[in-house]
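Undergrad:
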Amino acid sequence: MKHLWLLFFLTLTATACGVVMPITPSPVPQATQTVTATLTVTPSVTPTVTETPTPTVTLTPTRDYPAAGYGPSGFPNDVNPLTGLKVSNPALLERRPMIVKVANLPRNYRPQWGLSLADHVYEYYIEEGTTRFAAVFLGQDASMVGPIRSGRLFDHHLITMYKANFAFGSADARVRALLFNQRYANRLVIESACPPMCRYEPNGVNYLMTNTADLTTYINNLRLREGNGRQSLDGLAFNYDLPVTGQPARVLFVRYSAAIYNRWDYDPTTGKYYRYSDTQNDLRQGLDEFYAQLTDRLTGQPIAADNVVVLYVSHRYFSRQPEIIDILLSGPDKAYLFRDGQMFELKWYRNALDQLFILVGPDGKTFPLKPGNTWFEVVGTTSTLTSGDGESWRFTFFIP
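Written as structure tokens, this is what we have:
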């Protein structure tokens, strides 16, 4: 991994690249036309009336969503507080969220399983120019999630914030000691029995995988003193309507290193951002960035997000040899929300360590996410933001 450490320092200030495709505005439905009569007069023939057909107008159905939206508190029992959407099975909300650590490298581990079914996914720096995913499941289950990899110090903050169960593939001895000395230690799940965590070997590659329904059953069977029931997950607000207009944002780049960089392309026909991941190392500061669309090996669907949020969070070294980074999820700091082809500069903060963060606009009021799933890109507070043509945005990760 030393070569990736070198790559990280070589490419901290990459420049934006890529072609941005223009957005074609969606056509506005026209009102139903009034039927008109055309008179056709022929000499010595009685005039007749010919009606022109009434054009068919497709009406947009009324969205079943309250005008005030949902959140940041007072969510109905059948509304997922992580997505702002009603769930098909409200019983799933009667449990703790489950966080599963998922690999991003090596590249032949892609595409991963189950990421498209997560309510939230965090991508964050771990060491030597690499990132890893923490996928949060609550409103729906995934029959396969993985490949599962080891935990990091940042996971401690996520477990505390979500009051979650945590599935991971062990950790550095110092990180593992910290995790297992917390009050949530009995909610940590590492490889010991199948189910809930099993080995899967397609094409001779040995992956550690899980099924989130099996994880729920496993935790329930432990009969923990604090239980595995519904948790207070207030903090986020959701609405399809926006209080203000943002800046155009058709493309979002996030570059962590020469080995790890990604792009999110907005599709106005679906209203989602689609993820494209690195396919090769880029040693020339953005000149050799190449991407491929990321999919979910479980569902076959492309990885897409209703919201992409870039969080500026303080990073500090816990250890330099080996490199261990602690990401202090305390705030407040900057946040950039990408939704509906627009970018909004916000702030995030937390009222307590065991509560979700809150996103607020310039007016100090809670700013709504679009109802749906969210990907969080976690970068350092000294990371840079540049804009190419005014509609593409590039974040370049940096820590001192």
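To convert, note that position 171 of the sequence shown is 170 in numbering that gives the first Met the number 0; the numbers rise steadily by one, no gaps. Every residue, glycine too, gets a C-beta built ideally from N, C-alpha and C. Being a predicted model, the structure only gives us computed values, none of them experimental.
1. So, does the region 119-133 touch the region 98-107, judging by three or more C-beta pairs under 8 Å?
2. I need the straight-line Cα distance from Asn-290 to Trp-263, nearest angstrom please.
3. Report yes if the CB atom of Glu-122 is closer than 9 Å to the CB atom of Asn-306, and no otherwise.
4. When the Cα atoms are used, what is the spatial distance from Tyr-64 to Val-378?
5. Among Leu-286, Val-308 and Asp-213, which one has its Cα closest to the Cα of Ala-248?
6. Can you tell me whether DSSP reads Met-208 as helix, strand or coil?
7. With Asp-266 as the anchor, note down where its beta strand (DSSP E) starts and where it stops.
8. Could you spell out where the beta strand (DSSP E) holding Phe-153 opens and where it closes?
9. Does the Cβ of Thr-365 have 16 or more other Cβ atoms within 10 Å, making it buried, or fewer, making it exposed?
10. Rounded C-beta distance between Ala-141 and Leu-116? I'm assuming under 8 Å.
11. Identify which residue in Arg-315, Gln-139 and Asn-219 has its Cα closest to the Cα of Ile-324.
12. Buried or exposed: Gly-70, going by 16 or more other Cβ atoms within 10 Å of its Cβ?
13. Based on DSSP bridge pairs, tell me the residues matched to Arg-131.
14. By Cβ distance, which residues of its chain are closer than 6 Å to Ile-158, with the 5 residues on each side in sequence left out?
15. Within its chain, find whatever has a CB closer than 8 Å to the CB of Leu-119; leave out the 5 residues flanking it on each side and keep chain order.
16. In this structure, what does DSSP give as the bridge partners for Ser-313?
17. Quick one: what's got a C-beta closer than 7 Å to Gly-330's C-beta in the same chain, skipping five residues either side?
18. Whether or not the region 106-116 and the region 293-301 are in contact is what I'm after, with contact meaning three or more pairs of Cβ atoms, one per stretch, closer than 8 Å; do they touch?
19. Helix, strand or coil for Ile-398 per DSSP?
20. Between Phe-237, Ile-125 and Pro-105, which has its C-alpha nearest Val-408's C-alpha?
21. Can you name, in chain order, every residue of its own chain whose Cβ lies under 7 Å from the Cβ of Ala-212, other than the five neighbours on each side?
22. Using the rule of at least 16 other Cβ atoms within 10 Å of the residue's Cβ for burial, across every protein chain shown, is Asp-154 buried or exposed?
23. In the DSSP assignment, find the unbroken alpha helix (DSSP H) run with Val-174 in it and report its ends.
24. Leaving out five residues on either side along the sequence, give the residues of the same chain with a beta carbon under 6 Å from the beta carbon of Asp-233.
25. When DSSP labels each residue in this structure, what does Thr-31 get in the three-state scheme?
26. Does any CB atom of chain B fall closer than 9 Å to the CB of Trp-347?
27. Where do the N-terminal and C-terminal ends of the beta strand (DSSP E) with Ala-291 fall, by residue?
TA: So, to answer that:
1. Judged by Cβ distances under 8 Å, the region 119-133 makes contact with the region 98-107, as three or more pairs qualify.
2. Stepping through the sequence shown from its first residue, residue 290 is reached at position 291. Stepping through the sequence shown from its first residue, residue 263 is reached at position 264. A small fix is needed here, since residue 290 is Tyr in this sequence, not Asn. Whole-angstrom Cα-Cα distance: 11 Å.
3. Your numbering for residue 122 matches position 123 in the sequence shown. Your numbering for residue 306 matches position 307 in the sequence shown. With contacts defined as CB atoms closer than 9 Å, Glu-122 and Asn-306 fail to qualify as a contacting pair.
4. For this step, residue 64 is matched to residue 65 along the sequence shown. For this step, residue 378 is matched to residue 379 along the sequence shown. Taking the straight line from one Cα to the other gives about 33 Å.
5. Walking along the sequence shown from the start, residue 248 turns up at place 249. Nearest in C-alpha terms to Ala-248, of all of Leu-286, Val-308 and Asp-213, is Val-308.
6. Position 209 of the sequence shown, counted from the first residue, corresponds to residue 208. Strand at Met-208.
7. Mapped onto the sequence shown, residue 266 falls at position 267. Segment 260-266, the beta strand (DSSP E) holding Asp-266.
8. The residue given as residue 153 occupies position 154 in the sequence shown. According to the DSSP assignment, Phe-153 belongs to no beta strand (DSSP E) but to the alpha helix (DSSP H) extending over 152-161.
9. Here residue 365 refers to the residue found at position 366 of the sequence shown. Buried.
10. The residue you call residue 141 lines up with position 142 of the sequence shown. The residue you call residue 116 lines up with position 117 of the sequence shown. Indeed they touch by this definition, with Cβ atoms about 4 Å apart.
11. Taking the first residue of the sequence shown as position 1, residue 324 is located at position 325. When C-alpha distances from Ile-324 are compared across Arg-315, Gln-139 and Asn-219, the shortest belongs to Arg-315.
12. To locate residue 70, count along the sequence shown from 1; it is residue 71. Gly-70 is buried by the Cβ-count criterion.
13. For the purposes of this step, residue 131 is taken as residue 132 along the sequence shown, with counting starting at 1. In the DSSP output, where bridge partners are listed per residue, Arg-131 has Tyr-123.
14. As a first step, residue 158 must be located in the sequence shown, where it is residue number 159. Cβ contact annotation for Ile-158 (same chain, cutoff 6 Å, sequence separation greater than five): Phe-165 and Tyr-183, in chain order.
15. Counting from 1 along the sequence shown, the entry for residue 119 is found at position 120. The question names Leu, but residue 119 in the sequence shown is His. Non-local beta-carbon contacts of His-119 in its own chain, meaning distances under 8 Å to residues more than five positions away in sequence, involve Leu-81, Ala-134, Val-135, Asn-372, Thr-373, Trp-374 and Phe-375 in chain order.
16. The residue labelled residue 313 in the question sits at position 314 within the sequence shown. Ser-313 is bridged to Leu-327.
17. Your numbering for residue 330 matches position 331 in the sequence shown. Within the same chain, Gly-330 has close Cβ partners Trp-347, Tyr-348, Arg-349 and Phe-356.
18. Flag = yes, the region 293-301 and the region 106-116 touch.
19. What you label residue 398 is simply residue 399 of the sequence shown in a count that begins at 1. Under the three-state reduction of DSSP, Ile-398 is assigned to coil, being neither helix nor strand.
20. Outside the shown range of the chain, which is 0 to 399, sits residue 408, and nothing can be said about it.
21. The sequence position of residue 212 within the sequence shown is 213, counting from 1. Asp-140, listed in sequence order.
22. Your numbering for residue 154 matches position 155 in the sequence shown. Its Cβ being crowded by 16 or more others within 10 Å, Asp-154 is buried.
23. Residue 174 sits at position 175 when you count from the first residue of the sequence shown. Secondary structure note for Val-174: its alpha helix (DSSP H) is the uninterrupted segment 172-178.
24. As a first step, residue 233 must be located in the sequence shown, where it is residue number 234. Around Asp-233: Pro-71 and Ser-72.
25. Numbered from its first residue, the sequence shown carries residue 31 at position 32. Bear in mind that a pLDDT of 36 at Thr-31, under 50, signals an unreliable position, so the model cannot answer this.
26. Among the chains in the structure shown there is no chain B, since it carries only a single protein chain.
27. For the purposes of this step, residue 291 is taken as the residue at position 292 of the sequence shown. Counting along the chain, the beta strand (DSSP E) containing Ala-291 begins and ends at 290-292.
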